[in-house]
Every structure is written in C-alpha cells, then in structure tokens.
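Take a look at the structure set out below.
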Amino acid sequence: MGIFRNSVALCLGFALTLSPGLAAERVLLDPDWNSPDVAKAQKALEAQRAANASPDVRRDAELPLTLPRWGLSGRIDQPTSDEQSRARSGQLTGSIPAWPSCAKPAADPKPVTDGSGLWYTDTYDYGCVVISISGDRSAKPDQDFPTDARPPDECSDQSSLDSTETDTRGRFDMQLSLNRIPYEIVGRCTEEAETFCRNRAARCALAGRLILRGGSPQ
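Residue numbers (the numbering used here): 110 to 327.
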C-alpha cells in the first residue's frame, strides 16, 4: 500500500501472465464478495444505483474497481439512511470520539486509481484532519501476507482502546484485513487536531464507520 505507481499497476497483468519471476513477486488477491458485510452492502448499493438514488452514488459508480471500495459517509457525523444500509458493521450512530472542533463535518473523497481497477486511494480533506483510505488487490514482496491478506489490525485488541499515545507526529497509519484484501487508513492532523491522531479509540471508531462506496466482482 502507501504510494501507488501507475506504471506498476498498468504492467501488473503482463507481469503475472508473462513472467514467472514477477508473478512470484506480486500476488493478485481475490476479494470475498460472499462475506455477509460485503453482500449486504453490495445489495443495498445495487438497489440505490437502480433507483438512481443520489448524485454521489451515480458518481461513485463511474469508478470501476474489482474490489470493495470501503470509504466514509458524506457527513462523518450524520450518515444518510442510504449510507447506513451500506455500512460494514452495525448501525452508524453519533459522532467520532475526539473529533476535533477545527475539522469540517463533510468531505468529498478525491479518488486516485487507474484503468486496472485493482487499487484505489480515497482522500477526505476535513481541513485540520485529512483521512486517506486505500485498498489494493496486488500483494507486494515486502508484505508477509501474500495469499490470505492478514495484516495487523490494531483494533482487534480491545484491551486498551482508550489509551492515548503521546507522540504520533501528527499522523497515524492503520492496516486492516477486510474480505481477504489489505486496506490502509492513514490520518494526518495539524497541531490543532493532534489529539485526534493520538487517540486510539477514535481511530478504531473511524475504522468501524466504513461504508461501501463501490466496486463489483469481475
């Protein structure tokens, strides 16, 4: 994950089919579209697209991806009923813990991808807080989860969710395994919003508010 290079993504298909050596270095992962959280959200998303539900849904449909595009609601504190139906887990209620007063409540994602449909990065600019969410079907050589995509998830340990870290240098980086695909949530905070970046419970609450914005099986 991290910084994606367009040239790598464009050449990936050729590498996997034409070069055994390169194929061994990059493994194409298959999302689990039958997972209950994806299946429920995908069904709701397809119904909203068929009903021409909203400009956001129509716009998101124009971004072709072969993996679930997990992202955030338009207003982080007030997801719509349509967005609620596409939530990955449970009912989205209330605001994010420790969400800074300097941050805007709404942000439109700025997507980055290419024609491969294998990866994406969505960036949500809330002013003093910027959140980036990325997903990538192609595992890289330095990852130690090339086949089952099980990177560490800091929210799996519930023993110290209320802990506040003393120094995150205005940034946090979370790795999650969702539906057999590695995802990354990166936050960048100004000095005014650093309390949010240091708050582990807030970061985990953010990860729990993911909704399905797009993607479809091949």
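For every residue, glycine included, the Cβ atom is placed at its ideal position computed from N, Cα and C.
Since this is a predicted model, take the numbers as computed values, not measurements.
| Asked | Found |
| --- | --- |
| Start-to-end residues for the beta strand (DSSP E) that takes in Pro-220 | 219-221 |
| Pairwise C-alpha distance: Ala-311 and Ala-159 | 35 Å |
| For Asp-282, the three-state DSSP class (helix, strand or coil) | strand |
| Extent of the continuous beta strand (DSSP E) run through Cys-298 | 290-298 |
| Ala-148 to Ala-216 span [Cα, whole Å] | 26 Å |
| Start-to-end residues for the alpha helix (DSSP H) that takes in Arg-168 | 164-170 |
| Where the alpha helix (DSSP H) through Leu-154 begins and ends | 145-159 |
| Any 3 or more C-beta pairs closer than 8 Å across the stretch 170-178 and the stretch 314-326 | yes |
| Through-space distance from Thr-230 to Arg-307, alpha-carbon basis | 23 Å |
| Rounded distance between the beta-carbons of Pro-209 and Phe-281, thought under 8 Å | Actually they are not in contact, since the Cβ atoms of Phe-281 and Pro-209 sit about 14 Å apart, beyond 8 Å. |
| Backbone CA spacing between Lys-219 and Thr-232 [nearest angstrom] | 5 Å |
| Identity of the residue in Met-283, Tyr-235, Ala-212 and Gly-236 nearest Gly-244 by Cα | Met-283 |
| Pro-173 vs Gly-226 beta-carbon contact at 9 Å | yes |
| Status (buried if at least 16 other CB within 10 Å, exposed otherwise) for Arg-259 | Confidence in Arg-259 is poor, its pLDDT being 42 and thus under 50, which makes the residue's placement too unreliable to answer from. |
| Through-space distance from Asn-143 to Arg-318, alpha-carbon basis | 20 Å |
| Cβ pair Leu-137, Arg-289 closer than 9 Å | no |
| Coil, strand or helix - Leu-181 by DSSP | coil |
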